[in-house]
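With my numbering as the guide, the letters of the sequence shown map in order to residues 62 to 201. Yeah, the Cβ is synthetic: ideal placement off N, Cα and C, and Gly gets one too. Here the structure is a predicted model, which is why all the values come from computation and not from measurement.
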Amino acid sequence: MKNKLLTISLILLVTITLVGVLALIVVLKFNEEEVKEPSIDEVIEASVDVPEITTNLLSGDYIRISFKVQTDSKKAKEELEKRDFQVKNIIIEELSEMKSDQLQGKEGKQELETTIKDKANSLMQEGKVEKVYITSYMIQ
């Protein structure tokens, strides 16, 4: 009788412990804070304007283009502002390898934005570039 009571108590204790651990895991999993998108004020605060650049394309056409580069922090913004000459160099190098028809349509522009973002991130030491936006664009 004493042995049977000890066994039942032990099984009950293990079951309660397992249910508690399982409940804790479920609660922690569902209560993880979701990554919230920054507000527009935070985006502007961490963004750098790249003034209009005029350069030749591979096809012989000229392009006038400007960008806004969104970073993930104020420190990253400050670093990017110091690296503006390097970012301009990346933009000019990329555009000089493109033909005007590659920049026609949404896909070409998105590809250019992604390339600039990736190459700028390879330079960054404080933070990173989140997104590159084309703010003006004209091919002549």
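Fill in: Span separating the alpha-carbon of LYS143 from that of GLN163
30 Å
Worksheet item: Do you know how far the Cα of LYS135 is from the Cα of THR196?
Response: 21 Å
Worksheet item: Rounded to a whole number of angstroms, what is the C-alpha to C-alpha distance between ALA84 and ASP179?
Response: 42 Å
Item to complete: Determine the DSSP secondary structure at ASP133, reduced to helix, strand or coil.
Response: coil
Item to complete: List the endpoints of the continuous alpha helix (DSSP H) containing LYS90.
Response: 63-91
Discussion item. What does the Cβ neighbour count give for LEU79, buried or exposed, with the cut at 16 atoms within 10 Å?
Written reply: exposed
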